[in-house]
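Residue numbers (the numbering used here): -19 to 384.
In structure tokens, the structure reads:
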């Protein structure tokens, strides 16, 4: 039998930007006995968690929950609202924006990909003025949707979604706004209703601190209206049957019962802490990690401090250094998993996740492993990132210190 728990002592440090570590409290909730998904207890569970999940998306509208990864929720967003041959304006911020564009093409849509020249687009956020300019050119309103990524997991860039909404409104364009916040939800501030998003896509394995296997579409009334006219084929992903069943707390097919137990517990944990406190916690961790990277004298993948991600930090290696070799050494020597570079950044950078079930000491251990691995790999460092992070965390108390 394959041994998946092979760590000789202590716990493995999973510091990739998702899947993130699952807290014991959620694991215990998921271990409860499976119940009848047509029985009254399940209906009560469904109604409760459907209400609470709206609070995390900051919406009064419905949130559809799928037993799928975030990729499934991408597909659901597109096929519920669009028809074959529809034009979709998408913005390239990194690997996941690129994959979403590829999916749109495979579904029979006509995506148009905006981006900054060269590799610069993978180091900055969405340029809302480029979207505004393109939509103003589309006087016949052939473009039916604008699709952007909120927190680009491949680069550590968090884009300004409110600015994208303003760009669409200033252009006077009726296109739907679809946003991927798969890695942003419950880690970075997100406001579905206030920012005028029509479909928000997310997943369970990042800030929600769950295993992979749940994904979401948060819907506006405009998106629901569009779904009644959309002609792309759909069955499993169709919103109408799901929304009808959800009204009583159920699903039209067999849901992933025990993952929903975990989701309900996750929502309780987040709402008990308070979302503003959750976001402040992530911003503080991110700032401490960036202090370490700057002390090492290494580049951060995101070039614009205004859109630094609170979820992860991309660390760029000097020319000639294989980031994957560094990352693999750190894994073998220190039982620490870091995110690899994806797409255009493969071999050029690694990613430190600082999200979810984490604390200062978790990150200090992570940064220690990184610093030892960098030195063992012969990467020239300007100073100690560990000492810089220690100073930052010592001088900037968390919102909820244990002695408060």
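Just so it is clear, CB atoms sit at the ideal spot from N, CA and C, and this is done for glycine as well.
query: Can you grab the Cα-Cα spacing for the pair residue 401 / residue 15, in whole Å?; result: Outside the displayed range of the chain (-19 to 384) lies residue 401, so it cannot be described from this structure.
query: Determine whether the beta carbon atoms of residue 318 and residue 45 lie at a separation below 8 Å.; result: no
query: Quick one, are the C-beta atoms of residue 12 and residue 229 less than 8 Å apart?; result: no
query: Might you give, ordered along the chain, the residues of its own chain that have their beta carbon closer than 7 Å to the beta carbon of residue 23, omitting 5 neighbours on each side?; result: 228, 229, 230
query: So, does the segment 265 to 279 touch the segment 204 to 211, judging by three or more C-beta pairs under 8 Å?; result: no
query: Residue 181 and residue 162 look like a contact to me (Cβ under 8 Å); what is the Cβ gap, rounded to whole Å?; result: 6 Å
query: Which residue comes first and which comes last in the beta strand (DSSP E) that contains residue 158?; result: 156 to 160
query: Is it right to say residue 331 is buried, meaning 16 or more other beta carbons lie within 10 angstroms of its own, or is it exposed?; result: buried
query: Kindly indicate the opening and closing residues of the alpha helix (DSSP H) around residue 182.; result: Counting along the chain, residue 182 falls outside any alpha helix (DSSP H), though it belongs to the beta strand (DSSP E) covering 179 to 183.
query: Quick one: measure Cβ to Cβ for residue 49 and residue 183, integer angstroms, because I've assumed they're closer than 8 Å.; result: 6 Å
query: Could you check the C-alpha separation between residue 369 and residue 293 for me, to the nearest Å?; result: 14 Å
query: Looking at the unbroken beta strand (DSSP E) that takes in residue 198, where does it start and where does it end?; result: 195 to 199
query: Given a cut-off of 8 Å on the beta-carbon distance, is the pair residue 147 and residue 90 in contact?; result: no
query: Output the distance between the C-alpha atoms of residue 101 and residue 135, rounded to the nearest integer angstrom.; result: 10 Å
query: Among the candidates 133, 27, 359, whose CA atom is the shortest distance from the CA of residue 303?; result: 359
query: Bridge partners for residue 127 per DSSP, in chain order?; result: 70, 158
query: Have a look at residue 155 and residue 203 and give me their C-alpha separation to the nearest angstrom.; result: 10 Å
query: Grouping DSSP H, G and I as helix and E and B as strand, with all else coil, what is residue 296?; result: strand
query: Which of helix, strand or coil does DSSP assign to residue 150?; result: helix
query: When the Cα of residue 328 is compared with those of 295, 357, 310, 354, which residue comes out closest?; result: 295
query: Pick helix, strand or coil for residue 171, following the three-state DSSP scheme.; result: coil
query: Rounding to the nearest angstrom, what Cα-Cα distance links residue 315 and residue 278 in this structure?; result: 23 Å
query: So, residue 251 versus residue 32, is the Cβ gap smaller than 8 Å?; result: yes
query: May I ask you to list the residues that DSSP assigns as paired with residue 329?; result: 296
query: Any idea if residue 201 is buried or exposed, counting beta-carbon neighbours within 10 angstroms, 16 or more meaning buried?; result: exposed
query: Going by the CB atoms, is the gap between residue -2 and residue 133 shorter than 8 Å?; result: yes
query: Would DSSP call residue 135 helix, strand or coil?; result: coil
query: Rounded to whole angstroms, what's the CA-CA distance from residue 150 to residue 19? Just pull it up for me.; result: 49 Å
query: Helix, strand or coil for residue 373 per DSSP?; result: helix
query: For residue -12 and residue 262, I'd like the C-alpha separation in whole angstroms.; result: 30 Å
query: Roughly how many angstroms lie between the CA atoms of residue 131 and residue 322, to the nearest whole one?; result: 15 Å
query: Rounded to the nearest angstrom, what separates residue 105 and residue 17 at their Cα positions?; result: 42 Å
query: On the three-state DSSP scale, how would you describe residue -6?; result: strand
query: Can you grab the Cα-Cα spacing for the pair residue 77 / residue 366, in whole Å?; result: 33 Å
query: Considering only C-alpha positions, which residue in the set 283, 58, 276 is nearest to residue 127?; result: 58
query: Out of 93, 215, 47, 74, which has the shortest C-alpha to C-alpha gap to residue 196?; result: 47
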